[in-house]
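Peer 1: Take the sequence shown: its letter number 11 is residue 11 in full-length UniProt numbering, and every next letter is one higher.
Where is the CB? At the ideal position from N, CA and C, for every residue including glycine.
All figures in this text were calculated on a predicted structure; none of them were measured in a lab.
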Amino acid sequence: MKQNIWGKNLPELRTLMKELGAPGYRSQQLFDYMYKRGILHFDEMAQLPKALRNKLIESWVIDFPTIVREQRSSDRKTAKLLLRYSDNSLIETVLMNQPYGYSVCISTQVGCAVGCTFCASGLTGLQRNLTAAEMLAQIYLWQFLYDIKIHSFVLMGSGEPLQNYDNVLSFMKMCHDFEGLTISYRNMTLSTSGITPKIYDLAKEKLPITLALSLHAPNDTIRNQIMPISKWYPLPELLESLQFYTQTTRRRVTCEYILLAGVNDKPEHVAELAQMIRPLRAHVNLIPLNESPGIPYRRPEMKHSQEFCEQLQKQGIAATIRKEMGTEIQAACGQLKMKFVRDNA
Ligand code: SAH
Ligand code: SF4
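Below you can see the structure in the form of structure tokens.
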């Protein structure tokens with residue numbers, strides 16, 4: 001079976017060239033072809049000698065996903081791709097044109113094992129982890145497709161990044177180190193449902209990334225109903241791990257809170273929430289629910305969400321309602337994939 005070359009960095013390509021008996025500078029040429037020019041067939045790498053190309057073709061492949069569907073929002077600020085990897089797994093990635101640059105929403109797993117009751121990615125369970133190279137392809141695909149430079153990314157597609165810890169960490173290091181990509185750690189956001197022991201591990205890496213916690217509830221009773229993971233990692237220990245994270249990395253965390261009508265958006269929840277996150281000095285991002293078939297919740301009226309936000313602010317919490325992007329293209333986690341699978345059933 002052929003081995004995959006996509007995702008190899010320059011030193012790894014150098015080693016490979018040595019093994020194939022080619023001079024060192026060929027590795028830079030190969031690197032530039034793949035990652036700077038998006039040439040993903042050895043045949044088309046005209047600068048490489050024919051004999052070397054043949055050796056590569058014999059034992060190696062450039063394993064890169066194909067596009068199944070592409071959607072763009074009418075304001076052209078958001079686009080979404082449904083991708084198919086070589087084992088036929090389907091995942092989604094979203095591009096957002098932000099005032100500060102292009103930002104990508106990355107999927108870290110095919111499906112997700114956590115099973116939050118409001119999330120399309122959790123409906124079908126976990127199929128498998130994505131490799132670092134497969135995550136990297138999500139960044140490069142956008143760069144190649146629109147000839148743009150990616151400024152930042154959020155790990156907010158399907159999957160729980162901290163349940164695919166090693167691959168996610170390698171991926172972030174690649175994005176930081178790869179010549180021509182060099183995304184700064186400050187422009188990377190890792191969102192987690194709260195895998196407490198892994199938050200300690202991540203803190204010890206001391207990377208200046210942004211950590212976002214999907215909090216979504218003012219107490220464990222409500223959290224248990226909507227996020228089954230909280231039975232394993234209850235709030236008191238989880239919040240303690242976030243304190244440790246903030247102290248160790250000197251980076252403030254963000255809390256995400258999806259407003260679910262009648263579930264976690266009542267007036268009494270404001271004070272409870274404020275009290276819980278005040279010691280963290282975290283910013284709260286209130287997220288209007290993306291409604292979709294199979295998800296048994298409703299999004300509150302905008303007026304009600306604004307009221308909830310103002311009440312939090314009155315309690316001294318830095319809260320904002322997340323600007324919506326991509327609702328019309330089913331941009332929330334897993335929704336386009338569900339639609340595709342349904343339409344093609
Ligand atoms: N598994 C990680 C990261 C992926 S989910 C996590 O849960 O944090 C990324 C974000 O999308 C999370 O905050 C998640 O709660 C949110 N999300 C999931 N389903 C959603 C929906 N239907 N509407 C709005 N946000 C949703
Ligand atoms: Fe998994 Fe995140 Fe969806 Fe929960 S919200 S099921 S953790 S992807």
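Comparing C-alpha positions only, which one of Ala-51, Lys-18, Asn-290 sits nearest to Arg-322?
Peer 2: On the sequence shown, position 322 is the one that residue 322 refers to. Comparing Cα-Cα distances from Arg-322 to each of Ala-51, Lys-18, Asn-290, the minimum goes to Asn-290.
Peer 1: If we ignore side chains and look at the alpha-carbon of each, how far apart do Val-110 and Phe-171 end up?
Peer 2: Indexing the sequence shown from 1 puts residue 110 at position 110. Indexing the sequence shown from 1 puts residue 171 at position 171. Each residue's alpha carbon lies about 16 Å from the other.
Peer 1: Could you tell me which residues DSSP pairs with His-283 in its beta bridges?
Peer 2: Within the sequence shown, the letter at position 283 stands for residue 283. BP columns for His-283 point to Thr-254.
Peer 1: Taking the beta carbon of Lys-206 as the centre, do at least 16 other beta carbons fall within 10 Å, making it buried, or is it exposed?
Peer 2: Here the question's residue 206 lines up with position 206 in the sequence shown. Its Cβ having fewer than 16 others within 10 Å, Lys-206 is exposed.
Peer 1: Pull up the distance between the alpha-carbon of Arg-186 and that of Ala-51, whole angstroms please.
Peer 2: Sequence index remark: in the sequence shown, residue 186 carries index 186 (1-based). Sequence index remark: in the sequence shown, residue 51 carries index 51 (1-based). Arg-186 and Ala-51: Cα-Cα distance of roughly 43 Å.
Peer 1: For a minimum of 3 consecutive residues, which ranges assigned as the beta strand (DSSP E) are wholly contained in the region 135-195?
Peer 2: Whole beta strand (DSSP E) segments, 3+ residues: 150-155, 188-192.
Peer 1: Would you identify the three-state DSSP class for Cys-112, choosing helix, strand or coil?
Peer 2: Looking up residue 112 in the sequence shown gives position 112. The answer is coil: DSSP assigns Cys-112 none of H, G, I, E or B.
Peer 1: Which value, in whole angstroms, describes the spacing of the CA atoms of Ser-158 and Glu-92?
Peer 2: As a working note, residue 158 is residue 158 in the sequence shown. As a working note, residue 92 is residue 92 in the sequence shown. When rounded, the distance between both Cα atoms is 7 Å.
Peer 1: Going by DSSP, what residue range makes up the beta strand (DSSP E) through Lys-80?
Peer 2: If you number the sequence shown from 1, residue 80 lands on position 80. Looking at the DSSP string, the run of the beta strand (DSSP E) that includes Lys-80 is 78-84.
Peer 1: With a CB to CB cut of under 6 Å and the five nearest residues on each side skipped, what residues in its chain are close to Ala-345?
Peer 2: As a position in the sequence shown, residue 345 is number 345, starting the count at 1. Here Ala-345 scores only 49 on pLDDT, less than 50, and its place in the model should not be relied on; the value that follows carries that caveat. Excluding positions up to five away in sequence, the list is empty.
Peer 1: Pull up the CB-CB distance for Phe-64 and Ala-137, whole angstroms please, since I reckon it's below 8 Å.
Peer 2: Residue mapping note: residue 64 aligns to position 64 of the sequence shown, counting from 1. Residue mapping note: residue 137 aligns to position 137 of the sequence shown, counting from 1. Going by Cβ atoms, the distance from Phe-64 to Ala-137 rounds to 6 Å, so yes, they are a contact pair.
Peer 1: Would you identify the three-state DSSP class for Cys-309, choosing helix, strand or coil?
Peer 2: As a working mapping, residue 309 is identified with position 309 in the sequence shown. Helix, per DSSP.
Peer 1: The ligand SAH and Ser-241: does the residue's C-beta get closer than 6 Å to at least one heavy atom of that ligand?
Peer 2: Position 241 of the sequence shown, counted from the start, is the residue given in the question as residue 241. No.
Peer 1: Could you name the residues, in chain order, whose CB is less than 5 Å away from a heavy atom belonging to the ligand SF4?
Peer 2: Cβ-based neighbours of the ligand SF4 within the cut-off: Cys-112, Val-114, Cys-116, Cys-119, Ser-121, Gly-122, Glu-160, Ser-193.
Peer 1: Does Thr-15 pass the burial test, meaning 16 or more other C-beta atoms within 10 Å, or should it be called exposed?
Peer 2: Mapped onto the sequence shown, residue 15 falls at position 15. The residue is exposed, with fewer than 16 neighbouring Cβ atoms inside 10 Å.
Peer 1: Determine the direct distance from the alpha carbon of Ile-183 to that of Arg-250, and round the result to whole angstroms.
Peer 2: Walking along the sequence shown from the start, residue 250 turns up at place 250. Walking along the sequence shown from the start, residue 183 turns up at place 183. Going from the Cα of Arg-250 to the Cα of Ile-183 covers about 20 Å.
Peer 1: Going by C-alpha distance, which of Ala-318, Ser-191, Thr-78, Met-17 is nearest Val-154?
Peer 2: Counted from its first residue, the sequence shown places residue 154 at position 154. Comparing Cα-Cα distances from Val-154 to each of Ala-318, Ser-191, Thr-78, Met-17, the minimum goes to Ser-191.
Peer 1: Within 10 Å of its beta-carbon, does Pro-236 have 16 or more other beta-carbons around it, so buried, or fewer, so exposed?
Peer 2: Here residue 236 refers to the residue found at position 236 when the sequence shown is read from its first residue. When all chains shown are included, Pro-236 counts as exposed.
Peer 1: Pull the bridge partners of Glu-70 from the DSSP assignment, please.
Peer 2: As a working mapping, residue 70 is identified with position 70 in the sequence shown. Partner(s): Leu-81.
Peer 1: Between Ile-287 and the ligand SAH, is the CB less than 6 Å from at least one heavy atom?
Peer 2: In the sequence shown, the residue the question calls residue 287 occupies position 287. Because some heavy atom of the ligand SAH lies under 6 Å away, the Cβ of Ile-287 counts as near it: yes.
Peer 1: Between Met-172 and the ligand SAH, is the CB less than 6 Å from at least one heavy atom?
Peer 2: Here residue 172 corresponds to residue number 172 of the sequence shown, with the count starting at 1. Met-172 Cβ: outside cutoff for every heavy atom of the ligand SAH.
Peer 1: Taking 7 Å as the threshold (C-beta atoms), are Arg-26 and Met-34 in contact?
Peer 2: Within the sequence shown, numbered from 1, the residue matching residue 34 stands at position 34. Within the sequence shown, numbered from 1, the residue matching residue 26 stands at position 26. Not a contact, by the Cβ cut-off of 7 Å.
Peer 1: Using only the heavy atoms of the ligand NAP, determine whether one of them is closer than 6 Å to the beta carbon of Met-156.
Peer 2: As presented, the structure is devoid of the ligand NAP, carrying the ligand SAH and the ligand SF4 as its sole ligands.
Peer 1: With a 10 Å radius around its C-beta and 16 neighbouring C-beta atoms as the bar for buried, classify Trp-232 as buried or exposed.
Peer 2: Working through the sequence shown from its first residue, we reach residue 232 at position 232. Exposed, since its Cβ has fewer than 16 Cβ neighbours within 10 Å.
Peer 1: Hey, Leu-90 and Cys-112: beta-carbon distance below 7 Å or not?
Peer 2: Residue mapping note: residue 90 aligns to position 90 of the sequence shown, counting from 1. Residue mapping note: residue 112 aligns to position 112 of the sequence shown, counting from 1. No, they are not a contact pair.
Peer 1: Only counting the same chain, and skipping five residues up and downstream in sequence, which positions put a Cβ closer than 6 Å to that of Tyr-165?
Peer 2: Indexing the sequence shown from 1 puts residue 165 at position 165. Here the set comprises Lys-198.
Peer 1: Decide if Ala-274 is buried, meaning its Cβ has at least 16 other Cβ atoms within 10 Å, or exposed.
Peer 2: Here residue 274 refers to the residue found at position 274 when the sequence shown is read from its first residue. When all chains shown are included, Ala-274 counts as buried.
Peer 1: Taking the Cβ atom as the reference point for each residue, do Val-253 and Leu-239 lie within a distance shorter than 7 Å?
Peer 2: Within the sequence shown, residue 253 is the residue found at index 253, counting from 1. Within the sequence shown, residue 239 is the residue found at index 239, counting from 1. No, they are not a contact pair.
Peer 1: With DSSP collapsed to three states, give me the class of Met-96.
Peer 2: Start at 1 with the first residue of the sequence shown, and residue 96 comes out as number 96. Strand at Met-96.
Peer 1: Which residue wins for smallest C-alpha separation from Pro-300, given the options Pro-267, Arg-281, Ile-277?
Peer 2: Here the question's residue 300 lines up with position 300 in the sequence shown. Taking only the C-alpha atoms, the option nearest Pro-300 is Pro-267.
Peer 1: Please find out if some non-hydrogen atom of the ligand SAH comes closer than 6 Å to the beta-carbon of Glu-256.
Peer 2: As a position in the sequence shown, residue 256 is number 256, starting the count at 1. Under cutoff, so the answer is yes.
Peer 1: Where Gly-38 and Leu-10 are concerned, what is the direct C-alpha to C-alpha distance, given to the nearest angstrom?
Peer 2: Locating residue 38 in the sequence shown gives position 38, where the first residue counts as 1. Locating residue 10 in the sequence shown gives position 10, where the first residue counts as 1. Rounded to whole angstroms, Gly-38 to Leu-10 spans 16 Å at the Cα level.
Peer 1: Take Asn-129 and list the residues in its own chain whose beta-carbon comes closer than 7 Å to its own, dropping the five residues that flank it on each side.
Peer 2: On the sequence shown, position 129 is the one that residue 129 refers to. Same-chain partners within the cutoff: Gln-109, Asn-164, Asn-167.
Peer 1: With a CB to CB cut of under 6 Å and the five nearest residues on each side skipped, what residues in its chain are close to Met-156?
Peer 2: Along the sequence shown, read from residue 1 onward, the residue named residue 156 stands at position 156. Closer than 6 Å at Cβ, skipping near neighbours: Cys-105, Ser-191.
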